[in-house]
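Notes to accompany the following structure.
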Amino acid sequence: MSLLFRRASLASLGLAVGLSALCLSPLMAQETAPAQPAPAAPAAPVDPNTVVATVNGQPLTEADLVLAEGELSQQFAQLPAEQRRAAALSAAIEIRVMAAQAVSTGLDKDPDFQRRMAFLQQRALHGEMVEKGVVDKVTDAEIRARYDQEIANTPPVNEVHARHILVKTKEEAEAIIKQLDGGADFQKLANEHTSDPSGKTSGGDLGWFGPGQMVPEFDKAAFALEVGKYTEQPVQSQFGWHVIKLEDKRTKQPPAFDDVKDQAKQAVIRDKYFALVKSLRADAKVEIPDANLKKAVDTLESAK
Numbered sequence: 000m001s002l003l004f005r006r007a008s009l010a011s012l013g014l015a016v017g018l019s020a021l022c023l024s025p026l027m028a029q030e031t032a033p034a035q036p037a038p039a040a041p042a043a044p045v046d047p048n049t050v051v052a053t054v055n056g057q058p059l060t061e062a063d064l065v066l067a068e069g070e071l072s073q074q075f076a077q078l079p080a081e082q083r084r085a086a087a088l089s090a091a092i093e094i095r096v097m098a099a100q101a102v103s104t105g106l107d108k109d110p111d112f113q114r115r116m117a118f119l120q121q122r123a124l125h126g127e128m129v130e131k132g133v134v135d136k137v138t139d140a141e142i143r144a145r146y147d148q149e150i151a152n153t154p155p156v157n158e159v160h161a162r163h164i165l166v167k168t169k170e171e172a173e174a175i176i177k178q179l180d181g182g183a184d185f186q187k188l189a190n191e192h193t194s195d196p197s198g199k200t201s202g203g204d205l206g207w208f209g210p211g212q213m214v215p216e217f218d219k220a221a222f223a224l225e226v227g228k229y230t231e232q233p234v235q236s237q238f239g240w241h242v243i244k245l246e247d248k249r250t251k252q253p254p255a256f257d258d259v260k261d262q263a264k265q266a267v268i269r270d271k272y273f274a275l276v277k278s279l280r281a282d283a284k285v286e287i288p289d290a291n292l293k294k295a296v297d298t299l300e301s302a303k
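So the sequence shown is numbered by numbering that gives the first Met the number 0: it starts at 0 and just counts up by one.
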C-alpha cells in the first residue's frame, strides 16, 4: 500500500502564505503544575467585525486577529494559550504600523516588492482553491472507497514469529544445533549462548516480522522453515552465525480503516488536486522558450 500508508502532507500540494518570524522571548516554565480549573462554559460566538483595536484610526477586527493567530501560530506555539491572543494582537499592531511606514516611504511602489506581492496573492489564491475546491469536497464515501481499493490491490503478506541464537563462529552454532537435536530447550540455550543482547532474557525472541525486515540470509532461512522447526545448518550473516527457530506464521492483517483514515483522505486529496491541476494546465496556454528548461518541466509534469 505504497500510496495509502505513506503519509502525505498538504504542504506538498501548495505553498502556505508566510509572514516574517517574530522574535519572542521564551517564558520560563513553572516548576509546579497549577491546579486544574473547573471546565469553562462554552464561549459565546464572537462577531468577526468586533473592533479589538484601532491603529492610526484604522480598525483592527476580531477577524483580523484570528487571521494573525493562524498565520503566526508557529511563532506562538511555546506560549501559554492565554497569552497567544495578546501576542497575536501585539504582532498585528506591529505589522500595521510597519506596513504604514513602508507605504509612507514608497516601498510599496518598488518593482521587486510589487512582483513579490503579486506572487503572494497568487499563492494565497492557490491555497484557497486547494482548500475550497479540493479538500472541502472530499466525502467520507470517497475515503472509504480509496481504503477498500488499496486493500483489494494489496497482495497478502506472510509474517513469521521466530527466535534465534547468535554466536561468533560456525562451530559454536553447530554445537548448539547438536544440543537441540538431543532435545535441549531452544529458549534456555538462547539465554545462555546468544550474543544478541535483547535475546539473553527473551529466549532469543524476535517477535513477528515480514519479508525484507531482516538481513537477506536470515530472512530466507526463517521463511523456509516449518512451524516448530529450527535450522539444521548454521546461517551466516554480517552479524555472525545464527540458529533460527520458527515459532509460528500467519497472514498479516491489513490496518483497520479508522487507523489509516487520515492517510486515505490525503491520498484522495492528492489525486483530486493533481486531476484539477491537469485539467487546468490542459486549458492553459503555457510557453517555455528555453528547450532544456521545457524538457525538465515536462519530465516533472509527466511524473505526477
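Just so it is clear, CB atoms sit at the ideal spot from N, CA and C, and this is done for glycine as well. Every value quoted in this text rests on a predicted model; they were computed, and no experiment measured them.
Measure the C-alpha to C-alpha separation of alanine 91 and valine 45 and round it to an integer number of angstroms.
Residue mapping note: residue 91 aligns to position 92 of the sequence shown, counting from 1. Residue mapping note: residue 45 aligns to position 46 of the sequence shown, counting from 1. In this structure, the CA atom of alanine 91 is about 19 Å from the CA atom of valine 45.
Counting only C-beta atoms, is glutamate 158 closer than 8 Å to chain C at any point?
Checking the listed chains, one finds no chain C in this structure; it contains a single protein chain.
Taking 8 Å as the cut-off, decide whether the C-beta atoms of phenylalanine 222 and valine 159 are in contact.
The residue labelled residue 222 in the question sits at position 223 within the sequence shown. The residue labelled residue 159 in the question sits at position 160 within the sequence shown. Yes, the Cβ-Cβ distance between phenylalanine 222 and valine 159 is below 8 Å.
First and last residue of the uninterrupted alpha helix (DSSP H) at alanine 263:
On the sequence shown, residue 263 is found 264 positions in, with the first residue counted as 1. First-last of the alpha helix (DSSP H) with alanine 263: 256-282.
Excluding sequence positions up to five away, which residues of its chain have a Cβ less than 8 Å from the Cβ of serine 24?
For the purposes of this step, residue 24 is identified with residue 25 of the sequence shown, where counting begins at 1. Reliability of the predicted coordinates at serine 24 is poor, the pLDDT of 32 falling under 50, and no value is obtained from them.
Spatial neighbours of leucine 64 in its chain, beta-carbon cut-off 8 Å, leaving aside the 5 residues before and after
Within the sequence shown, the letter at position 65 stands for residue 64. Same-chain partners within the cutoff: Val51, Arg84, Ala87, Leu88, Ala91.
Alpha helix (DSSP H) segment containing leucine 188, residue limits
Here residue 188 is taken as the residue at index 189 of the sequence shown, counted from 1. Counted as a single uninterrupted DSSP element, the alpha helix (DSSP H) harbouring leucine 188 occupies residues 185-192.
Could you check if glutamate 149 is buried or exposed, using at least 16 other CB atoms within 10 Å of its CB as the buried criterion?
Here residue 149 refers to the residue found at position 150 of the sequence shown. The residue is buried, with at least 16 neighbouring Cβ atoms inside 10 Å.
Among Gln235, Asp204, Ser201, Lys248, which residue has its Cα nearest to the Cα of leucine 224?
Within the sequence shown, residue 224 is the residue found at index 225, counting from 1. Nearest C-alpha to leucine 224: Lys248.
Less than 7 Å between C-beta atoms, sequence neighbours within five positions excluded: which residues of the same chain meet that for valine 242?
Taking the sequence shown and counting its residues from 1, one reaches residue 242 at position 243. If we look at valine 242 and ignore the five residues flanking it on each side, its Cβ neighbours are His163, Ile164, Ala172, Ile175, Ile176, Tyr229, Thr230, Pro233.
Quick one: give me the first and last residue of the alpha helix (DSSP H) that aspartate 204 is part of.
As a first step, residue 204 must be located in the sequence shown, where it is residue number 205. No alpha helix (DSSP H) holds aspartate 204; the beta strand (DSSP E) holding it covers 204-208.
With a floor of 4 residues, list each alpha helix (DSSP H) that falls wholly inside the region 138-200, ordered by position along the chain.
139-152, 169-180, 185-192
What residue does the beta strand (DSSP E) around glutamate 246 start on, and which one ends it?
Along the sequence shown, one-based indexing puts residue 246 at 247. 239-250 is the span of the beta strand (DSSP E), which, as asked, contains glutamate 246.
CB valine 166 to CB histidine 192, shorter than 8 Å?
Along the sequence shown, one-based indexing puts residue 166 at 167. Along the sequence shown, one-based indexing puts residue 192 at 193. Yes, the Cβ-Cβ distance between valine 166 and histidine 192 is below 8 Å.
Can you tell me where the beta strand (DSSP E) with proline 58 in it begins and where it stops?
Position 59 of the sequence shown, counted from the start, is the residue given in the question as residue 58. 57-60 is the span of the beta strand (DSSP E), which, as asked, contains proline 58.
Just how far apart, CA to CA, sit alanine 281 and alanine 101?
Start at 1 with the first residue of the sequence shown, and residue 281 comes out as number 282. Start at 1 with the first residue of the sequence shown, and residue 101 comes out as number 102. Cα-Cα distance, rounded: 40 Å.
Just grab the DSSP bridge partners of glutamine 235 for me.
Position 236 of the sequence shown holds residue 235. Answer by DSSP bridge pairing, in chain order: Trp240.
Grab the span of the alpha helix (DSSP H) containing alanine 52 for me, first residue to last.
Here residue 52 corresponds to residue number 53 of the sequence shown, with the count starting at 1. Per DSSP, alanine 52 belongs to no alpha helix (DSSP H); it is in the beta strand (DSSP E), 50-54.
Reference glycine 239; option with closest CA among Lys264, Ser194, Ala255:
Sequence index remark: in the sequence shown, residue 239 carries index 240 (1-based). For glycine 239, the nearest C-alpha among the options comes from Ser194.
Between methionine 116 and glycine 105, what straight-line distance do the alpha-carbon atoms span, to the nearest angstrom?
Walking along the sequence shown from the start, residue 116 turns up at place 117. Walking along the sequence shown from the start, residue 105 turns up at place 106. Taking the straight line from one Cα to the other gives about 14 Å.
Would you call isoleucine 94 buried or exposed, if buried means 16 or more other Cβ atoms sit within 10 Å of its Cβ?
In the sequence shown, counting from the first residue as 1, residue 94 sits at position 95. Buried, by the Cβ-count rule.
Does the structure place the region 178-193 close enough to the region 202-210 that three or more beta carbon pairs sit under 8 Å?
yes
Does the beta-carbon of leucine 26 have 16 or more other beta-carbons within 10 angstroms, so that it is buried, or is it exposed?
As a position in the sequence shown, residue 26 is number 27, starting the count at 1. The predicted model places leucine 26 with a pLDDT of 29, which falls under 50 and marks its position as unreliable, so this point remains unresolved.
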